[in-house]
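The working numbering applies: residue 1 is where the first sequence begins, and numbers increase by one. No residue lacks a Cβ here, since even glycine has one placed at the ideal position from N, Cα and C. Small disclaimer: the values here were computed from a predicted structure and weren't measured.
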Amino acid sequence: MIAMVDCNSFYASCEQVFRPDLWGKPVVVLSNNDGCIIAANKEAKAMTHIAMFEPMFKIKAQLIKNKVTFFSSNYTLYGEMSQRVMNILETFSPNVEVYSIDEAFIDVTGIVHTSLKQYATLIKDTIVTHTGVPVGVGIAPTKVLAKLANKISKKVEKFNYVCVIDTDEKRIKALKWAQTKDVWGLGKKHQARLKNIGVFTAYEFTQLPLAWVRKEMTVVGERLWRELRGESCIEFQTMPKSKKAIGTSKSFGKKLEDLPRIEEACAYYISEVAEVLRAQKSCATYIQVYVTTNRYSNADKQYSNSCTITIPVPTNNTFILTQHARKALQRIYTPGYRYKKVGVNLTGLIPQQYVQGNLFQSPALYDKRLMNVIDALNHKFGKATVGSALVGTRVEQWELVKKDRSNRYTTQWGELLELKNK
DNA sequence: TCTGGGGTCCTAGGACCC
DNA sequence: TCTGGGGTCCTAGGACCC
1 MIAMVDCNSF
11 YASCEQVFRP
21 DLWGKPVVVL
31 SNNDGCIIAA
41 NKEAKAMTHI
51 AMFEPMFKIK
61 AQLIKNKVTF
71 FSSNYTLYGE
81 MSQRVMNILE
91 TFSPNVEVYS
101 IDEAFIDVTG
111 IVHTSLKQYA
121 TLIKDTIVTH
131 TGVPVGVGIA
141 PTKVLAKLAN
151 KISKKVEKFN
161 YVCVIDTDEK
171 RIKALKWAQT
181 KDVWGLGKKH
191 QARLKNIGVF
201 TAYEFTQLPL
211 AWVRKEMTVV
221 GERLWRELRG
231 ESCIEFQTMP
241 KSKKAIGTSK
251 SFGKKLEDLP
261 RIEEACAYYI
271 SEVAEVLRAQ
281 KSCATYIQVY
291 VTTNRYSNAD
301 KQYSNSCTIT
311 IPVPTNNTFI
321 LTQHARKALQ
331 RIYTPGYRYK
341 KVGVNLTGLI
351 PQQYVQGNLF
361 QSPALYDKRL
371 MNVIDALNHK
381 FGKATVGSAL
391 VGTRVEQWEL
401 VKKDRSNRYT
411 TQWGELLELK
421 NK
């Protein structure tokens, strides 16, 4: 049996932990640049019918009218709170698969317990007691069914955030309850196609001939079909696999026209991804840089382009990566446009001990010690304390807008929660 | 004026090899 | 006139996830 634990509107919950005055009140969290909604708690959803990813400018007035509190995103805080939740889960089972920042699968096979329901309730209560973050727990024989159980635990009130599917009868009941949109892995496109052939519930989906599912929805669809019928075919992954690609791209706080500012942003993103690359002890073979204008803007001329460069000897050295990225950027940069975004991608990642030199260049040409020192300094004194001069010092010209960010309560001495004596 | 960012997996098709 | 059969590797694009 597999348990799926998923935090309730995680980002909003993290904010509320440190703001008791907001308990029971509507809260939303905004994306980078405060562009759109990425999390909303129950109260905010009930009050305003907001959809996720709704652009902020469309609903700001409505939020203010309804006294909804909004926060810029504070990933430092959410990342650290996530770590706390995951640490607790690991006390419940040695086999925990962290699936995303706010959810995890737990292998509960062989765990000694009186009943699965009591066990799930214990997990739920422990997490909220120790971290303040509320969660839902679903337990079922396969991952897809556990996801479904989790959804039911939250959406059907009488379950009160705990749902166990451990008999065939309960499984069928759950499948008949679930619309296709409630199934993990059935996205918009598949939902529409299933609707066309008269399939609306998860149960109806499982009654389709396997051959049709395989042909129309590939092996991915077949796995869903089997998992929903109780046959486990998505592997449990306790050890996180190393990443196959590492990239970053962020919209600028304001639009940029000149190459130098874009180069600075690009160099900064390289320093970010290179650090992630070194942390997983890999080197990159290819580097891709892309730029784009604002596709929503009718007033602006549109342009987007990308350039991929093969690095002669794969590396994770920030300075070498920066040089290549700069070359790539210069190839695609065209004057006369208002750029909204630059992005970088590192691919062809290989373990650093397998890097092969070539006839002209040895893989050991660059000293790793410098990178180690840079990583250590930035870890100790904060992000971007030292780095490439190309990043410049005018970060504010392209940096993200985060107007309403809360304190980084758990990672910065200067931003600790203060208690006042009334 | 303002519309996120970071990923994975799968397939088809092209280019190439012997 | 007849024009093989078995592969690999890479990329782009689609679909999905949170």
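Under DSSP, residue 97 takes part in a beta bridge, and its partners are 105. Each of 134, 133 and 153 was checked against the Cα of residue 177, and the nearest Cα belongs to 153.
Residue ranges of uninterrupted beta strand (DSSP E) with 3 or more members, entirely inside the stretch 44-91 and ordered along the chain, are 69-71. Here the alpha carbons of residue 270 and residue 345 stand approximately 9 Å from one another. Straight through space, the alpha carbons of residue 142 and residue 230 are spaced by roughly 6 Å. Counting only the Cα atoms, residue 87 lies some 34 Å from residue 355.
Under the three-state reduction of DSSP output, residue 32 falls in the helix class. Where residue 221 is concerned, there is no enclosing beta strand (DSSP E), although the alpha helix (DSSP H) around it starts and stops at 210-228. The stretch 1-10 makes contact with the stretch 35-44, as at least three CB pairs between them are under 8 Å. Here residue 227 is near residue 144, since their CB atoms are less than 7 Å apart. Per the Cβ contact rule, the stretch 98-110 is not in contact with the stretch 50-70 (fewer than 3 Cβ pairs under 8 Å).
Taking the C-beta atoms as reference points, residue 44 is found nearer than 7 Å to residue 68. Using a Cβ distance threshold of 7 Å, residue 127 and residue 3 do not count as a contacting pair. Comparing C-alpha distances from residue 292 to each of 330, 284, 306 and 281 shows the shortest one belongs to 306.
In this structure, residue 338 lies near residue 300, with their beta-carbon atoms less than 7 Å apart. Beta-bridge analysis with DSSP links residue 344 to 248 and 289.
The three-state secondary structure of residue 259, taken from DSSP, is helix.
One thing to note: residue 215 has its Cβ no nearer than 7 Å to the Cβ of residue 340. In this structure, residue 403 keeps its C-beta atom at 7 Å or more from the C-beta atom of residue 73. Per DSSP, residue 166 lies in no beta strand (DSSP E) segment and is marked neither H nor E. Within the DSSP bridge table, the entry for residue 3 names 106 and 139 as partners. The stretch 162-180 makes contact with the stretch 193-211: 3 or more CB pairs, one atom from each, lie closer than 8 Å. Shown here, residue 354 sits in a helix according to DSSP, grouped into three states.
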